[in-house]
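Presented below is the structure to which this report refers.
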Amino acid sequence: MSYLDLTLADLHQALVAKKVTPLQLADEALKRAKDNKENAFERFMESETFAIASALKEPEVNNPFWGIPFVIKDNFSTKGIETTGSSNILNGYVPSFDATVVAKLLAAHAVPIAKSTLDELAMGGSGTTGHKGPTFNPFDPKHERMIGGSSCGSAVSVSANIVPFALGSDTGDSVRKPASFSGLVGFKPTWGRISRYGLFPFAPSLDHVGYFTRSVEDAAIALAIIAGPDIEDATSSHKPVEDYTRLLKKDIKGLKIAVISEVIDSIHNKIVIAAFDQTLAALKKQGAIVSYVSLDKQMLGTIFPTYLTLCCAESTSNNANLDGIKFGPRYEGKTYQEVMQKARTAGFSELIKRRFVIGSFALMRENQDVLFLRAQKNRRKIVDAVNAVLKDHDVIYLPAAPGIAPKFSESGDRLSDTYLIADNHLVLGNFAGLPSITIPIGFEDKMPFGSNVMGRAFEEALVLQVAEKIENATGYRNLSVKAVNL
Amino acid sequence: MKEINKNVLKDASSRLLFDMTEDQYDVLEKEFAILIKQMDLIGQIQGVDDFEPMTFPFDVTTDLLRDDIPSEPLQREVALQNAKDIVDGQIKLPKVVG
Numbered sequence: 014m015s016y017l018d019l020t021l022a023d024l025h026q027a028l029v030a031k032k033v034t035p036l037q038l039a040d041e042a043l044k045r046a047k048d049n050k051e052n053a054f055e056r057f058m059e060s061e062t063f064a065i066a067s068a069l070k071e072p073e074v075n076n077p078f079w080g081i082p083f084v085i086k087d088n089f090s091t092k093g094i095e096t097t098g099s100s101n102i103l104n105g106y107v108p109s110f111d112a113t114v115v116a117k118l119l120a121a122h123a124v125p126i127a128k129s130t131l132d133e134l135a136m137g138g139s140g141t142t143g144h145k146g147p148t149f150n151p152f153d154p155k156h157e158r159m160i161g162g163s164s165c166g167s168a169v170s171v172s173a174n175i176v177p178f179a180l181g182s183d184t185g186d187s188v189r190k191p192a193s194f195s196g197l198v199g200f201k202p203t204w205g206r207i208s209r210y211g212l213f214p215f216a217p218s219l220d221h222v223g224y225f226t227r228s229v230e231d232a233a234i235a236l237a238i239i240a241g242p243d244i245e246d247a248t249s250s251h252k253p254v255e256d257y258t259r260l261l262k263k264d265i266k267g268l269k270i271a272v273i274s275e276v277i278d279s280i281h282n283k284i285v286i287a288a289f290d291q292t293l294a295a296l297k298k299q300g301a302i303v304s305y306v307s308l309d310k311q312m313l314g315t316i317f318p319t320y321l322t323l324c325c326a327e328s329t330s331n332n333a334n335l336d337g338i339k340f341g342p343r344y345e346g347k348t349y350q351e352v353m354q355k356a357r358t359a360g361f362s363e364l365i366k367r368r369f370v371i372g373s374f375a376l377m378r379e380n381q382d383v384l385f386l387r388a389q390k391n392r393r394k395i396v397d398a399v400n401a402v403l404k405d406h407d408v409i410y411l412p413a414a415p416g417i418a419p420k421f422s423e424s425g426d427r428l429s430d431t432y433l434i435a436d437n438h439l440v441l442g443n444f445a446g447l448p449s450i451t452i453p454i455g456f457e458d459k460m461p462f463g464s465n466v467m468g469r470a471f472e473e474a475l476v477l478q479v480a481e482k483i484e485n486a487t488g489y490r491n492l493s494v495k496a497v498n499l
Numbered sequence: 109m110k111e112i113n114k115n116v117l118k119d120a121s122s123r124l125l126f127d128m129t130e131d132q133y134d135v136l137e138k139e140f141a142i143l144i145k146q147m148d149l150i151g152q153i154q155g156v157d158d159f160e161p162m163t164f165p166f167d168v169t170t171d172l173l174r175d176d177i178p179s180e181p182l183q184r185e186v187a188l189q190n191a192k193d194i195v196d197g198q199i200k201l202p203k204v205v206g
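In order, the protein sequence lines correspond to chains A and Z. Here this note's numbering = 1-based position in the first sequence + 13. Here this note's numbering = 1-based position in the second sequence + 108.
Next up, the structure:
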């Protein structure tokens, strides 16, 4: 057994007991990262890693991140370290500051070891569109299945036991879906709970900072360290940061859990439904009150197009600054427009260009009312319906995805309920900005899949409380490729 | 709504200051055939236009002023460190006027 195979909380105990040093951990984490075959890393931070780890001498008993190695998705700014967002247009870009969430982890004496791959500029859900090529799922040694995206490299880092904690970002389901496909806990707290300063913006009305761990307890511990107001981010909340572990051991007697019938009806994988039902039975046994609620199926079928319209439109303007002039590779041209045109033509991949064109189309004067504005109106209708459910229930509980990680070669019917509803319902958490956590609940063909708990805004502790009960029921705490293959 | 054809897509990418290959426009045109069907689903929702457009999940009102603490601004060298063409401490661009 290696100490890197422990959860963050257990690893902290080992560090405090001086069974292992931050330097030993960092060294092994870097070795594991370099040996990894899943194409999970943009770059290793060797010199920073060793400088930080070797300076840590006396363990801090009350600081759970002291000496903990971690990985940073490459769309978080890191001072002095190239940050590309896995896009050629940002090759060579070196930020002059740390993202607030990175700065908080460094201040807590956590040890960064690498920047991880992502779908280009976080705009994708397959982990295939980054400039370094596809990132693979470590649960599938044949490398036929995706791990999902956009936070693909960070998911690999935690599920392959390279680190116990990795930063991700989540605009549609970019932490919570890869978590489902790789047997991890993936948590996206309330919009505004964690500062986004220094995170490359994709669609700011939907963007969240999220992260991966291998236990619900670790997710609760981490939030207290990285949450909080930030003068650099006007959308960060000033609500006091809590002890998010405080409800973990509390029973759930009388808690009201809603299951949306139409989402369940759109999932046709019997193994997923059976595992989900088992967790429901366990929650009921512990005293929770489970109710099936109904939402307008036609409305649920519009989650994906609403999301696509909004995020593409927002991303179109948010990435206008990627011009090849202030940063990124420079091309010659007779006019500044020509310089930009050449930089953007060469710098963006085909998929990103298609997304920008979709956004631009939605924003054209002739289309704005019927596409962009209508999507914004529909978002409110959907959010009102979700919040109405949460008025009468403490959380909404659902399978996180309709099945296990798809093969790269698979392509489903994009107009089916399975795609429009079951594959995209996690976006509800982004529309409404609600805390939402994925936890593993089962396996099919040795590939993991998860479920998801979503609660009211700023009620992270309650969401974590329910998630921990599911984790207890399944026994899938500290799940990883290594643990499964033991 | 504007009808989708290759010229409209080319116009959109031109406004975005990038170009695509003919093959890529073909793929995009086919993708739009499905996207338009998906987007039409929103228009079919009864009463959707009665709702106020939602621009953020909820209001985060912060009216706090930060303390007036003097600090060093970003150094010019740091601000320019990522630009590839610099002359006299400024980013060089092709001539814009005359």
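A virtual CB, placed ideally from N, CA and C, is assigned to each residue, including glycine. This structure is a prediction, so every number in the text was calculated from the model and none was measured.
What span of residues does the beta strand (DSSP E) with residue 7 of chain A cover, start to end? Limits of chain A in this structure are 14 at one end and 499 at the other, which puts residue 7 of chain A out of reach.
For a quick check, are the C-beta atoms of residue 221 of chain A and residue 186 of chain A less than 7 Å apart? In the first sequence, counting from the first residue as 1, residue 221 of chain A sits at position 208. In the first sequence, counting from the first residue as 1, residue 186 of chain A sits at position 173. Going by C-beta atoms, residue 221 of chain A is not nearer than 7 Å to residue 186 of chain A.
If you measure from the beta carbon of residue 190 of chain Z to each beta carbon in chain A, is any gap under 7 Å? Your numbering for residue 190 of chain Z matches position 82 in the second sequence. Residue contact check for residue 190 of chain Z against chain A: a CB pair falls below 7 Å.
Sequence-distant residues of the same chain with beta carbon closer than 8 Å to residue 138 of chain A, five excluded per side: Within the first sequence, the letter at position 125 stands for residue 138 of chain A. The answer, listed in chain order, is 132, 161, 162, 163, 185, 186, 187 and 190.
Could you name the residues of chain Z that residue 349 of chain A contacts, counting a contact when the two beta carbons are closer than 8 Å? Along the first sequence, read from residue 1 onward, the residue named residue 349 of chain A stands at position 336. Under the 8 Å cutoff, chain Z gives 201, 202 and 204.
DSSP state of residue 227 of chain A, grouped into three classes? As a working note, residue 227 of chain A is residue 214 in the first sequence. Assignment of residue 227 of chain A by DSSP, reduced to helix, strand and coil, places it in the coil class.
Selection of the segment 461-495 of chain A by Cβ proximity to chain Z, strictly under 8 Å: Flagged, chain order: 470.
Using a C-beta cutoff of 7 Å, does residue 427 of chain A count as contacting chain Z? Translated into the one-based positions of the first sequence, residue 427 of chain A becomes position 414. Yes - at least one Cβ of chain Z is within 7 Å of the one on residue 427 of chain A.
Short-range partners of chain A found in the segment 147-158 of chain Z, where Cβ spacing is below 9 Å: Residues 147, 148, 149, 150, 151, 152, 153, 154, 155, 156, 157 and 158.
Any idea what DSSP makes of residue 410 of chain A, helix, strand or coil? Numbered from its first residue, the first sequence carries residue 410 of chain A at position 397. Three-state DSSP puts residue 410 of chain A in a strand.
For a contact meaning CB atoms closer than 8 Å, what does residue 186 of chain Z contact in chain A? Position 78 of the second sequence, counted from the first residue, corresponds to residue 186 of chain Z. Neighbours of residue 186 of chain Z on chain A, chain order: 109.
Using 10 angstroms around the beta-carbon of residue 68 of chain A, count the other beta-carbons present and answer buried if the total reaches 16, otherwise exposed. Within the first sequence, the letter at position 55 stands for residue 68 of chain A. The residue is exposed, with fewer than 16 neighbouring Cβ atoms inside 10 Å.
I want to verify the contact list: residues of chain A whose CB lies under 9 Å from the CB of residue 142 of chain Z, in sequence order. Position 34 of the second sequence, counted from the first residue, corresponds to residue 142 of chain Z. By Cβ distance, chain A contributes 427 and 428.
Cβ of residue 168 of chain Z within 7 Å of any chain A Cβ: Along the second sequence, read from residue 1 onward, the residue named residue 168 of chain Z stands at position 60. Taking Cβ atoms only, chain A reaches closer than 7 Å to residue 168 of chain Z, which makes this a yes.
Can you find a CB in chain A that lies within less than 7 Å of the CB of residue 124 of chain Z? For this step, residue 124 of chain Z is matched to residue 16 along the second sequence. Judged by the 7 Å Cβ criterion, residue 124 of chain Z is in contact with chain A.
If we ignore side chains and look at the alpha-carbon of each, how far apart do residue 194 of chain Z and residue 113 of chain A end up? In the second sequence, counting from the first residue as 1, residue 194 of chain Z sits at position 86. In the first sequence, counting from the first residue as 1, residue 113 of chain A sits at position 100. Approximately 29 Å between the Cα atoms of the pair.
Might you give, ordered along the chain, the residues of its own chain that have their beta carbon closer than 6 Å to the beta carbon of residue 147 of chain A, omitting 5 neighbours on each side? By one-based count along the first sequence, residue 147 of chain A stands at place 134. Within the same chain, residue 147 of chain A has close Cβ partners 141.
Verify the CB distance criterion: does residue 367 of chain A have a CB-CB separation below 7 Å to chain Z? By 1-based counting over the first sequence, the position of residue 367 of chain A is 354. Chain Z contact via Cβ: present.
Compare the beta carbon distance of residue 109 of chain Z and residue 443 of chain A with 7 Å and say whether it is the shorter of the two. Residue 109 of chain Z sits at position 1 when you count from the first residue of the second sequence. Residue 443 of chain A sits at position 430 when you count from the first residue of the first sequence. Cβ atoms of residue 109 of chain Z and residue 443 of chain A: not closer than 7 Å.
What's the C-alpha gap between residue 283 of chain A and residue 320 of chain A? Along the first sequence, read from residue 1 onward, the residue named residue 283 of chain A stands at position 270. Along the first sequence, read from residue 1 onward, the residue named residue 320 of chain A stands at position 307. In a straight line, the C-alpha of residue 283 of chain A is about 28 Å away from that of residue 320 of chain A.
Given a threshold of 16 other Cβ atoms within 10 Å of its Cβ, counted over all protein chains shown, does residue 173 of chain Z qualify as buried or as exposed? Residue mapping note: residue 173 of chain Z aligns to position 65 of the second sequence, counting from 1. Under this definition residue 173 of chain Z is an exposed residue.
Which residues of chain A have a Cβ atom closer than 7 Å to the Cβ of residue 134 of chain Z, listed in chain order? In the second sequence, residue 134 of chain Z corresponds to position 26, counting from 1. Within chain A, no residue comes near residue 134 of chain Z; the closest Cβ sits about 11 Å away, beyond 7 Å.
Applying a beta-carbon distance threshold of less than 8 Å, which residues of chain A neighbour residue 127 of chain Z? In the second sequence, the residue the question calls residue 127 of chain Z occupies position 19. Under the 8 Å cutoff, chain A gives 354 and 358.
Positions along the segment 209-220 of chain A whose CB lies within less than 9 Å of some CB in chain Z: 217, 218 and 219
When burial is assigned at 16 or more other CB atoms within 10 Å of the CB, is residue 271 of chain A buried or exposed? Sequence index remark: in the first sequence, residue 271 of chain A carries index 258 (1-based). Buried, since its Cβ has 16 or more Cβ neighbours within 10 Å.
Let me know if residue 130 of chain Z comes out buried or exposed under the rule of 16 or more other beta-carbons within 10 Å of its beta-carbon. Within the second sequence, the letter at position 22 stands for residue 130 of chain Z. Exposed, by the Cβ-count rule.
Bridge partners of residue 91 of chain A, per DSSP? Numbered from 1 along the first sequence, position 78 holds the residue referred to as residue 91 of chain A. For residue 91 of chain A, which the question treats as bridged, DSSP gives the partners A:94.
Within a Cβ cutoff of 7 Å, which residues of the same chain sit near residue 176 of chain A, ignoring the five residues on either side of it in sequence? Sequence index remark: in the first sequence, residue 176 of chain A carries index 163 (1-based). Only 42, 82, 83, 84, 126 and 170 meet the Cβ criterion.
Identity of the residue in A:316, A:74, A:215 and A:28 nearest residue 89 of chain A by Cα: As a working mapping, residue 89 of chain A is identified with position 76 in the first sequence. Of A:316, A:74, A:215 and A:28, the smallest CA-CA separation from residue 89 of chain A is found for A:215.
Can you list, in chain order, the residues of its chain whose CB lies under 8 Å from that of residue 352 of chain A, leaving out five sequence neighbours each side? Taking the first residue of the first sequence as position 1, residue 352 of chain A is located at position 339. Same-chain partners within the cutoff: 336, 337, 338, 343, 344, 345 and 346.
Outcome for residue 420 of chain A when other beta-carbon atoms lying within 10 angstroms are tallied against a minimum of 16: Along the first sequence, one-based indexing puts residue 420 of chain A at 407. Under this definition residue 420 of chain A is an exposed residue.
Measuring only between beta-carbons, confirm whether residue 86 of chain A sits less than 7 Å from chain Z. In the first sequence, the residue the question calls residue 86 of chain A occupies position 73. For residue 86 of chain A, the answer is no, since every Cβ of chain Z falls outside 7 Å of its Cβ.
Contact between the segment 454-474 of chain A and the segment 303-323 of chain A is defined here as three or more beta-carbon pairs at a separation below 8 Å; is this criterion met? Output reads no: the segment 303-323 of chain A does not touch the segment 454-474 of chain A.
Curious, which full-length beta strand (DSSP E) runs of at least 3 residues does the segment 191-272 of chain A contain? 198-201 and 221-226
What are the start and end residues of the alpha helix (DSSP H) that includes residue 417 of chain A? Position 404 of the first sequence, counted from the start, is the residue given in the question as residue 417 of chain A. That residue, residue 417 of chain A, is in no alpha helix (DSSP H); it is neither H nor E in DSSP.
Taking the C-alpha atoms as reference points, what is the distance between residue 300 of chain A and residue 44 of chain A? For the purposes of this step, residue 300 of chain A is taken as the residue at position 287 of the first sequence. For the purposes of this step, residue 44 of chain A is taken as the residue at position 31 of the first sequence. Computed Cα separation, rounded: 46 Å.
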